[in-house]
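Peer 1:
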Amino acid sequence: MRPVWLVLRKDVRTLLRTPALLAVLLAYPVMIAALLGLVAGYANAKPRVALVDEDGLPAHIVVGRHDFNVEATIKEVSRNVTLVRLGEDEAERELADGKVVAVLTVPPGFVATLQQMTKSPTLDVSVTRGGTSGRVRQQVQALVYTLNQKLQRAYIDANLQYVRLLLHGGDGTFLGENFNVIGLDGTKKILDALPQSERVKRIQRFVHDARLALAQTGDALHATAAPIQLVELPQRGRTASLSAQVQSYALGLTITFLSLVLAAGALAGERDENVLGRLARGLVPSGRLVAAKVALAGIVATVLGLGVAFAFAAVIVIGDAPGGEPWSRLPLLAAGLALTGAALGAVGALVGALAREARTASLVAVLLVLPIVFLGLIPPEVFAAAGWVSDGLPFAHGVRLFSATLYDLHPWGAVARETAWLLGLGALFSLLARSAVRPFRP
Amino acid sequence: MTLLEARGVARSFGSRVALEPTDVALAAGEVVALVGPNGAGKSTLLALLAGSLEPTAGTVDRPERVGWVPQRAAHYGRLTALENLRLFAALERVPPARADRLAADFDLPEGTRASSLSVGNRQRLDVALALLAEPQVLLLDEPTSSLDPTQRERVWRIARSVAEGGGAVLVATHHWEELAGLADRTLELVEGRLA
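Protein chains in written order, with my numbering: chain H, 655 to 1096; chain F, 113 to 307.
Below you can see the structure in the form of structure tokens.
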């Protein structure tokens, strides 16, 4: 172990003498993490949906004595999408070009059918093709759901108005026809005034039961319209930016970049300095040289990863964010960072061993970081092959280890599983790196 | 007494043969000059004898302590000369005092990173590194190409003192005339073969 320690100490000393490099190594992944956050934010932005009005929607629509301001209603129900009014041709072209993700068409006769309240009017929707179509369809469905919720009350009120008419009697209108009904109340009065007989009493009992039953119609209609109601409680939990998942990915991205680039550059640097031949003379065998670089990656990943974790923890404590307590898990996190950094360092050492010079090694390592990270970000259920490839690299295992370490109530199962993966991958890549260390070439 | 012996040692890099099977023996007390044109295989032979390079064929019997000065500077540029000497002293399990003494003997600047030293100083540092373990065999690959006459004279004195102390020295050079009064014998390497 002595040669490993001596080379490691030399590497740390060298690194500390290049603060600019250290700053870049830390700032770059933080910048990438921030940019990824912005991209993720954009992915969650409102999709643009075209609204084609073929019916000529008026400014106000009255449905069952409820007056709807059309523009205000559209604005209220389209919280998750950006609705833009377009003509039919323009909407079709923009859908084809991908400038809008869906076209919602209000067909002719929509308002008339709505106001008649005898059958459901239809809205036509065309959705873009491709991976986002499912999400867009859901958002349009959510828009129609919200609109239905608003109309539901008007429909129920209109229906209840007829029920009230049946109960109490009076003048009404149906499909443009005016009518007058005496109602159950009027019927009762007439029956009470009639000479009492068995037949009259039977009708009186029916009127009594019918009045009781119809009095419950309001609740029954509401329950039929919405068998299950969703009640939104006051907001709880952390914001997305402080979530366990975001912390895990930020840590994973930071140390993936650091460990890969550092180990690759450090190993290839030995060749650049022409000391590989001197070390190969029994002073530092290639296996120990790789071990020193892997250890360097592990140490730097631990130090800088803990720095990132401390920053998160401080924000959580200062902001009094709810959720898990981050401080108590920091020692376990430190071990996870060291292990993940070392496993990633082994990948970097392989790159450094294969490259002819440090600049090439560093460039290749930088180029490798994003594919490794993105493979780990793709959900396996979206693209299974990405999951298999990602399982063969340390990033995804590191992220799962950090997530379990930081916030799982019972983390030990996940910690044991991911630790085994990382140890295996670290050993595999270290062996490959050792065999790839090229001999000194005079 | 033979201190170092190579039997049928050869080296290829891919399909390119750098050194044909070669026999070399260095006896105690002798200084041997290795001459030949560029690309003849001198550096490859020295690296094989030093143990920096594994031979494709053949074997090398070498003593425990072999000093080697490669043709190109071989030390850490971001460390000072003394830090380089101390690091390699630790790797060779030599007391740090030996590193300090060599730094003083070779008049190597303190506090300056090796990468900022002159080519001559870097070459002197490599010679000092080769002497750390008090080698029984000293292998010098163009050790004086960047040195001034005074420093060259110092290196030849060191080579002679190693030989006089019972060691052996093999010096690869283009300028064999410099070694005329120093070398006990000369080996000539041409296109990977000893002439």
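By construction, the Cβ of each residue, glycine as well, lies at the ideal position given by its N, Cα and C atoms.
Determine the extent of the alpha helix (DSSP H) in which D260 of chain F is found, giving its start and end residues.
Peer 2: The residue you call residue 260 of chain F lines up with position 148 of the second sequence. Neither: D260 of chain F is in no alpha helix (DSSP H) and is coded neither H nor E.
Peer 1: On the DSSP bridge assignment, give the partners of W180 of chain F in chain order.
Peer 2: Numbered from its first residue, the second sequence carries residue 180 of chain F at position 68. Bridge partners of W180 of chain F: F:L251.
Peer 1: Using a Cβ-Cβ distance cut-off of 7 Å, determine whether A275 of chain F contacts chain H.
Peer 2: On the second sequence, residue 275 of chain F is found 163 positions in, with the first residue counted as 1. Chain H contact via Cβ: absent.
Peer 1: How far does the alpha helix (DSSP H) with S124 of chain F in it reach, from first residue to last?
Peer 2: What you label residue 124 of chain F is simply residue 12 of the second sequence in a count that begins at 1. Unbroken run through S124 of chain F is the beta strand (DSSP E), 114–125; no alpha helix (DSSP H).
Peer 1: Report yes if the C-beta distance between A997 of chain H and L916 of chain H is below 7 Å; otherwise report no.
Peer 2: For the purposes of this step, residue 997 of chain H is taken as the residue at position 343 of the first sequence. For the purposes of this step, residue 916 of chain H is taken as the residue at position 262 of the first sequence. Not closer than 7 Å, so no.
Peer 1: Compute the distance between the beta-carbons of E132 of chain F and A145 of chain F, then report whether it is under 7 Å.
Peer 2: For the purposes of this step, residue 132 of chain F is taken as residue 20 along the second sequence, with counting starting at 1. For the purposes of this step, residue 145 of chain F is taken as residue 33 along the second sequence, with counting starting at 1. Cβ distance not < 7 Å, so E132 of chain F and A145 of chain F don't count as in contact.
Peer 1: Pull up the DSSP beta-bridge partners for A828 of chain H, would you.
Peer 2: Taking the first residue of the first sequence as position 1, residue 828 of chain H is located at position 174. Looking at the sequence provided, one finds Phe at residue 828 of chain H rather than Ala. DSSP lists H:E831 as partners of F828 of chain H.
Peer 1: Closer than 7 Å, Cβ to any Cβ of chain F: which residues of the region 926–953 of chain H, in chain order?
Peer 2: Answer set for the region 926–953 of chain H: E927, N928, V929, G931, R932, A934, R935, G936, L937, V938.
Peer 1: Rounded to a whole number of angstroms, what is the C-alpha to C-alpha distance between L848 of chain H and K842 of chain H?
Peer 2: What you label residue 848 of chain H is simply residue 194 of the first sequence in a count that begins at 1. What you label residue 842 of chain H is simply residue 188 of the first sequence in a count that begins at 1. Going from the Cα of L848 of chain H to the Cα of K842 of chain H covers about 10 Å.
Peer 1: Would you verify that the beta carbon of L214 of chain F is, or is not, closer than 7 Å to some beta carbon of chain H?
Peer 2: For the purposes of this step, residue 214 of chain F is taken as the residue at position 102 of the second sequence. No, because no Cβ of chain H sits closer than 7 Å to the Cβ of L214 of chain F.
Peer 1: Are the C-beta atoms of G304 of chain F and some chain H residue less than 7 Å apart?
Peer 2: One-based indexing of the second sequence puts residue 304 of chain F at position 192. No, G304 of chain F lies away from the interface with chain H (no Cβ there is under 7 Å from its Cβ).
Peer 1: Taking 8 Å as the threshold, find out whether the region 986–1005 of chain H comes into contact with the region 1034–1052 of chain H through three or more Cβ pairs.
Peer 2: With the cut-off at 8 Å, the region 986–1005 of chain H and the region 1034–1052 of chain H touch.
Peer 1: Can you tell me whether Q793 of chain H is buried or exposed? The criterion is at least 16 other CB atoms within 10 Å of its CB, across all chains shown.
Peer 2: Residue mapping note: residue 793 of chain H aligns to position 139 of the first sequence, counting from 1. So Q793 of chain H counts as buried.
Peer 1: To the nearest angstrom, how far is it from the Cα of Y1061 of chain H to the Cα of A898 of chain H?
Peer 2: Here residue 1061 of chain H refers to the residue found at position 407 when the first sequence is read from its first residue. Here residue 898 of chain H refers to the residue found at position 244 when the first sequence is read from its first residue. So the alpha carbons of these two residues sit roughly 7 Å apart.
Peer 1: Chain H partners of A202 of chain F, CB-CB under 7 Å?
Peer 2: For the purposes of this step, residue 202 of chain F is taken as residue 90 along the second sequence, with counting starting at 1. Those within 7 Å of A202 of chain F in chain H are L660.
Peer 1: May I have the straight-line CA-CA distance separating T134 of chain F from Q183 of chain F, to the nearest angstrom?
Peer 2: Counted from its first residue, the second sequence places residue 134 of chain F at position 22. Counted from its first residue, the second sequence places residue 183 of chain F at position 71. C-alpha separation (whole angstroms): 21 Å.
Peer 1: Work out the CA separation of V1027 of chain H and L1021 of chain H for me, nearest whole Å.
Peer 2: Taking the first sequence and counting its residues from 1, the one referred to as residue 1021 of chain H is at position 367. Taking the first sequence and counting its residues from 1, the one referred to as residue 1027 of chain H is at position 373. The straight-line gap from Cα to Cα measures roughly 11 Å.
Peer 1: Tell me where the beta strand (DSSP E) around V738 of chain H begins and ends.
Peer 2: Taking the first residue of the first sequence as position 1, residue 738 of chain H is located at position 84. Run containing V738 of chain H: 736–739, per the beta strand (DSSP E) assignment.
Peer 1: What is the residue span of the beta strand (DSSP E) that I715 of chain H lies within?
Peer 2: Stepping through the first sequence from its first residue, residue 715 of chain H is reached at position 61. Unbroken beta strand (DSSP E) run through I715 of chain H: 714–717.
Peer 1: Alpha carbon to alpha carbon, how far is L814 of chain H from I728 of chain H? Give it in angstroms, no decimals.
Peer 2: Taking the first sequence and counting its residues from 1, the one referred to as residue 728 of chain H is at position 74. Taking the first sequence and counting its residues from 1, the one referred to as residue 814 of chain H is at position 160. Roughly 26 Å separates the two Cα atoms.
Peer 1: Among the residues of its own chain, which have a CB less than 7 Å from the CB of G941 of chain H, if the five just before and after it don't count?
Peer 2: Translated into the one-based positions of the first sequence, residue 941 of chain H becomes position 287. R1088.
Peer 1: Short check: CB of A704 of chain H to CB of V757 of chain H, under 7 Å?
Peer 2: One-based indexing of the first sequence puts residue 704 of chain H at position 50. One-based indexing of the first sequence puts residue 757 of chain H at position 103. Yes, the Cβ-Cβ distance between A704 of chain H and V757 of chain H is below 7 Å.
Peer 1: Residues of chain F with CB closer than 7 Å to the CB of R671 of chain H, please, in chain order.
Peer 2: On the first sequence, residue 671 of chain H is found 17 positions in, with the first residue counted as 1. Correct list: R190.
Peer 1: For L1063 of chain H, is the classification buried or exposed, using 16 other Cβ atoms within 10 angstroms of its Cβ as the cut-off for buried?
Peer 2: Numbered from its first residue, the first sequence carries residue 1063 of chain H at position 409. The residue in question, L1063 of chain H, is exposed, as its Cβ has fewer than 16 Cβ neighbours within 10 Å.
Peer 1: Just the C-alpha distance for L158 of chain F and V678 of chain H, rounded to the nearest angstrom, thanks.
Peer 2: The residue labelled residue 158 of chain F in the question sits at position 46 within the second sequence. The residue labelled residue 678 of chain H in the question sits at position 24 within the first sequence. The alpha-carbon atoms of L158 of chain F and V678 of chain H are separated by roughly 41 Å.
Peer 1: Under 7 Å, do A292 of chain F and E300 of chain F count as touching if we go by C-beta distance?
Peer 2: By one-based count along the second sequence, residue 292 of chain F stands at place 180. By one-based count along the second sequence, residue 300 of chain F stands at place 188. Result no, Cβ atoms of A292 of chain F and E300 of chain F do not sit closer than 7 Å.
Peer 1: Among residues of its own chain, excluding the 5 on either side of E117 of chain F, which ones have a beta-carbon nearer than 6 Å to its beta-carbon?
Peer 2: Counting from 1 along the second sequence, the entry for residue 117 of chain F is found at position 5. Result list for E117 of chain F: A137, D173, in chain order.
Peer 1: Would R184 of chain F count as contacting chain H if we go by Cβ distances under 7 Å?
Peer 2: Against the second sequence, residue 184 of chain F aligns to sequence position 72. For R184 of chain F, the answer is yes, since a Cβ of chain H falls inside 7 Å of its Cβ.
Peer 1: Answer with yes or no whether the minimum CB distance from G126 of chain F to chain H is below 7 Å.
Peer 2: Numbered from 1 along the second sequence, position 14 holds the residue referred to as residue 126 of chain F. So no, G126 of chain F is outside the interface.
Peer 1: Using the Cα positions of H286 of chain F and Y903 of chain H, report the straight-line distance between them to the nearest angstrom.
Peer 2: The residue labelled residue 286 of chain F in the question sits at position 174 within the second sequence. The residue labelled residue 903 of chain H in the question sits at position 249 within the first sequence. About 59 Å.
Peer 1: Using the Cβ count rule (16 or more neighbours within 10 Å means buried), how would you classify N150 of chain F?
Peer 2: Position 38 of the second sequence, counting from 1, holds the residue named residue 150 of chain F. So N150 of chain F counts as exposed.
Peer 1: Does K753 of chain H get closer than 7 Å to chain F when you measure Cβ to Cβ?
Peer 2: For this step, residue 753 of chain H is matched to residue 99 along the first sequence. Not an interface residue.
Peer 1: Note down, in chain order, each residue of its chain lying with its Cβ closer than 8 Å to the Cβ of R264 of chain F, except the 5 sequence neighbours on either side.
Peer 2: Along the second sequence, one-based indexing puts residue 264 of chain F at 152. Cβ neighbours of R264 of chain F beyond the five flanking positions: T256, E290.
Peer 1: Determine the closest residue to P601 of chain H out of H:L1029, H:A726, H:V1018, H:L933, with distance taken between C-alpha atoms.
Peer 2: Residue 601 of chain H is absent from the model: chain H starts at 655 and stops at 1096.
Peer 1: Beta carbon of G1006 of chain H, beta carbon of A992 of chain H: below 7 Å?
Peer 2: Looking up residue 1006 of chain H in the first sequence gives position 352. Looking up residue 992 of chain H in the first sequence gives position 338. Contact: no.
Peer 1: P657 of chain H touches chain F at which residues, Cβ-Cβ below 7 Å?
Peer 2: Position 3 of the first sequence, counted from the start, is the residue given in the question as residue 657 of chain H. Within 7 Å Cβ-Cβ: L203.
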